[in-house]
Each structure stands twice: as structure tokens, then as C-alpha cells.
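Q: Keeping their order, the protein sequence lines are chains C and H.
So in our numbering, spot 39 of the first sequence is number 39, and the numbers just go up one at a time.
So in our numbering, spot 99 of the second sequence is number 99, and the numbers just go up one at a time.
Glycine included, every Cβ here is placed at the ideal spot set by N, Cα and C.
All values derive from a computational prediction rather than experimental measurement.
First the structure, then my questions, so here it is.
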Amino acid sequence: SQKIEQNSEALNIQEGKTATLTCNYTNYSPAYLQWYRQDPGRGPVFLLLIRENEKEKRKERLKVTFDTTLKQSLFHITASQPADSATYLCALDPFQDTNAGKSTFGDGTTLTVKP
Amino acid sequence: GAVVSQHPSWVICKSGTSVKIECRSLDFQATTMFWYRQFPKQSLMLMATSNEGSKATYEQGVEKDKFLINHASLTLSTLTVTSAHPEDSSFYICSARIVETQYFGPGTRLLVL
């Protein structure tokens with residue numbers, strides 16, 4: 001069965017350091033992968049999308065890599081700040097038209113950036 | 001940017017009553033919206049795909065008679081939890097897509113006593 005695993009439930013780092021979150025998947029061939037941020041009691045907010053034929057994407061302090069051979073995506077936040085503390089979700093979207101639009105979400109990793 | 005709203009943001013109801021949650025796309029039209037539920041410290045679980053002008057498509061294991069979905073216009077989808085029970089207490093979130101990206105509503109916290 002399809003499975004998405006995010007490296008750990010919680011990640012604690014010091015302000016200024018780079019946070020690296022991992023998303024691994026099995027039994028899945030995604031057309032693209034997305035990362036979202038979710039704050040407590042709120043809906044997720046879109047951050048970045050990377051396609052299966054792309055290796056890396058950047059947006060300000062955020063960087064995403066996508067390795068379809070390893071079936072893994074890494075999400076980096078450089079120069080982290082306490083305001084980056086949140087839960088980060090990865091989501092995969094399939095190629096198949098019949099399942100178009102049906103993202104599958106990982107359980108999320110809760111990042112805490114300490115001042 | 002694309003904004004999706006939900007109403008109410010939280011609701012407490014008695015067991016056996018029905019609760020309606022609204023999802024609106026404020027600055028764009030959405031032919032398709034999605035309804036998710038999320039339990040504490042768990043992932044988003046897709047419940048159903050709401051299609052404007054046609055029947056919703058439910059995921060396996062989701063009771064269509066219990067979770068009624070109506071997508072009457074290009075900017076509004078509603079989820080009605082019928083005869084709610086305590087086990088229906090959860091965080092319900094809707095989303096709408098623009099091309100590949102999903103824009104989520106702020107969520108509705110439902111507590112059934």
C-alpha cells in the first residue's frame with residue numbers, strides 16, 4: 001500500500017541553524033510533491049511545489065529537493081527563526097487522471113525553533 | 001492570493017443533532033473542493049471530493065449518508081454531519097485547487113457532546 005513517512009514527529013533546533021525535514025514514500029509514483037505549513041488549529045498553507053522531473057526548488061529561505069530514485073524529498077529552512085515553528089506536511093499528487101487533485105499527506109513534522 | 005473561508009470556525013453540539021459547515025472560495029471560482037478531517041497529531045484524511053453541480057465522490061470508508069456534501073455554486077460547498085456522535089468530533093478542513101496547488105480553509109473544530 002502507499003505510504004508516506006516524515007522523518008520524525010518533532011524536530012527542535014536553535015535559532016539561526018538550518019532545519020532539514022524528510023519525506024519518504026513507498027509504492028507511489030507522484031507527479032509532484034508539495035510542502036505545506038500548518039499552525040495549531042489552522043488549515044495548511046502552501047509553501048512549495050516540486051515536480052518529479054525537478055531536482056531542487058528554492059523560495060527565499062526555503063529549499064526543497066526531490067529524489068525519485070530514493071523516493072525522498074528534503075525540505076530545508078535556512079537561518080531558522082522562532083516564527084518558523086509549526087508543523088510541516090508533505091503531500092504527494094498522483095499522475096493518474098482518475099485521482100487528479102487527490103493529494104496524500106504525510107503525518108507532519110513539528111518544528112520548534114528555540115531563541 | 002486565493003482565499004478559502006470556512007464557517008463556523010468551531011461548533012459544539014449535542015449528540016444526535018446535525019451540523020452544517022460552509023466552505024467558500026472568496027476570490028476565485030472552484031468547480032472542485034475537497035473535505036478533510038484531521039485528528040490530533042494525525043495527518044489530513046481526505047473524506048470526499050465535492051463537485052459543483054454533481055454528486056460528491058466519497059473516499060472508501062466514509063459514509064455518504066452521514067456526511068452530506070452539497071456544492072451548489074462555484075464558490076460554496078457545504079458539509080453536513082448528520083446525527084452527530086462524539087466520535088465525529090474532529091477538525092474539518094476544506095480546500096480548493098487552482099491548477100496544482102490546494103488552498104485550505106482555516107478549519108472547523110467540531111465537538112459533539
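Tell me the rounded alpha-carbon separation between L48(C) and T22(C).
A: 14 Å
Q: Does the segment 102 to 110 of chain C come close enough to the segment 40 to 48 of chain H to have 3 or more Cβ pairs within less than 8 Å?
A: yes
Q: Give the residues of chain C in contact with Q102(H), contact being defined as C-beta atoms less than 7 Å apart.
A: F46 and S103
Q: Start and end of the beta strand (DSSP E) containing N24(C)?
A: A19 to T26
Q: Could you tell me whether any Cβ in chain H is nearer than 9 Å to the Cβ of G106(C)?
A: yes
Q: Three or more C-beta pairs under 8 Å: does that hold for the segment 77 to 97 of chain C against the segment 74 to 81 of chain H?
A: no
Q: Could you work out which residue in Q38(C), F66(C) and S8(C) is closest to D84(C) when comparing CA atoms only?
A: Ranking the options by Cα distance to D84(C), first place goes to Q38(C).
Q: Around the Cβ of V81(H), are there at least 16 other Cβ atoms within 10 angstroms (buried) or fewer (exposed)?
A: buried
Q: Less than 9 Å between the C-beta atoms of G41(C) and F104(H), yes or no?
A: no
Q: Distance check for T49(H) and L33(C), CA to CA, integer angstroms please.
A: 20 Å
Q: At least one CB of chain H closer than 9 Å to the CB of Q81(C): is that the case?
A: no
Q: Which of the residues in the segment 25 to 43 of chain C, read from start to end, lie with their CB under 9 Å from any CB of chain H?
A: A31, Y32, Q34, Y36, Q38, G41, R42 and G43
Q: Could you give the residue range of the beta strand (DSSP E) that holds A9(C)?
A: The displayed chain sequence assigns Glu, not Ala, to residue 9(C). The continuous stretches of beta strand (DSSP E) do not include E9(C), and DSSP gives it neither H nor E.
Q: Buried or exposed for I77(C), going by 16 or more other Cβ atoms inside 10 Å?
A: buried
Q: Strictly below 7 Å CB to CB, what residues from chain C border S43(H)?
A: F105, G106, D107 and G108
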